[in-house]
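Residue numbers (my numbering): 3 to 152. Think of the CB as a built atom: it goes at the ideal place given N, C-alpha and C, for glycine as much as any other residue. Computed from a predicted structure; not experimentally measured.
Okay, structure coming up:
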């Protein structure tokens with residue numbers, strides 16, 4: 003085992019935003035275990051927090067973890083551009099923010115339900131189990147719809 007793992011202050015599992023994060027991975031990649039955080043956002047957050055992406059997640063101090071969580075909570079306050087966020091101009095309040103874990107799946111489900119209720123083209127395609135984004139369907143994507151009809 004590496005030397006840094008044998009010191010007493012190393013955490014093998016961190017709890018960040020209701021998600022278990024592997025402390026043995028490098029911080030930039032460990033944060034991607036949280037649903038809604040990709041590699042690019044992870045690297046940007048660490049840059050804003052002043053944390054080296056080469057550190058292992060288990061080596062982070064409590065203050066560093068709090069700093070990362072603060073940036074994740076309010077990314078716009080830390081000058082992360084609006085186009086970087088996964089929820090831009092929300093339908094309900096018109097604001098842009100980053101959504102994580104359970105909230106992300108809830109928002110997606112709500113959006114699909116809203117589209118179905120309004121009978122939007124996208125909503126109807128989701129309802130029928132067909133391709134939504136303009137792909138061709140003449141010869142491809144047959145397996146999914148066959149399963150739904152049986």
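For residue 108, the uninterrupted alpha helix (DSSP H) segment begins and ends at 103-119.
Residue 79 sits in a helix when the DSSP states are folded into three classes.
Taking each of 48, 11 and 116 in turn and checking the Cα distance to residue 31, the smallest one comes out for 48.
Distance from the CA of residue 74 to the CA of residue 100, rounded to the nearest whole angstrom, comes to 8 Å. Only residues of its own chain outside the window of five on either side were considered, and among them 37, 38 and 88 have a CB closer than 8 Å to the CB of residue 106, listed in chain order. At least 9 Å separates the beta-carbon of residue 125 from that of residue 110. Non-local beta-carbon contacts of residue 80 in its own chain, meaning distances under 6 Å to residues more than five positions away in sequence, involve 50 and 73 in chain order. If the five residues before and after residue 91 are omitted, its C-beta is found closer than 7 Å to the C-beta atoms of 98, all from its own chain and listed in chain order. Residue pairing for residue 23: DSSP places it in a beta bridge opposite 16. The three-state secondary structure of residue 93, taken from DSSP, is coil. Boundaries of the alpha helix (DSSP H) harbouring residue 30: 29-32, taken from the DSSP string.
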